[in-house]
Amino acid sequence: MAQLNTILPRFEALVAGMEANVGNFQLAASIPTASQAATTLTWWFIVPGVALILLGSIGIAVGEQRTIRVSLREEALETV
Numbered sequence: 266m267a268q269l270n271t272i273l274p275r276f277e278a279l280v281a282g283m284e285a286n287v288g289n290f291q292l293a294a295s296i297p298t299a300s301q302a303a304t305t306l307t308w309w310f311i312v313p314g315v316a317l318i319l320l321g322s323i324g325i326a327v328g329e330q331r332t333i334r335v336s337l338r339e340e341a342l343e344t345v
């Protein structure tokens, strides 16, 4: 019981911080995706991420093929 006076101000500060953020919590709760499953938001990040990785891989593969073609042309021109 003697320690209650030293601990209580810490909890009062914690409660005050939570009360100050009630408006922020209400704004977050009003996001229009609230009716959807929580995993839906995850897929909104995964699908574009996978698409970007695939596009980047395709770009790298096409770029390497062009480099090989240019090298072959240069070799052919050097032999002429």
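Everything in the sequence shown is counted per our numbering, starting at 266 for the first residue and increasing by one. A virtual CB, placed ideally from N, CA and C, is assigned to each residue, including glycine.
*asked:* Distance check for Leu320 and Thr305, CA to CA, integer angstroms please.
replied: Put simply, the backbone Cα of Thr305 is about 23 Å away from that of Leu320.
*Under a three-way DSSP split, which group does Ile242 fall into?*
The shown model of the chain, from 266 to 345, leaves out residue 242, and the question about it has no answer.
*asked:* Could you compute how far the alpha carbon of Ile311 sits from the alpha carbon of Leu273?
replied: Spanning the two alpha carbons is a distance of roughly 44 Å.
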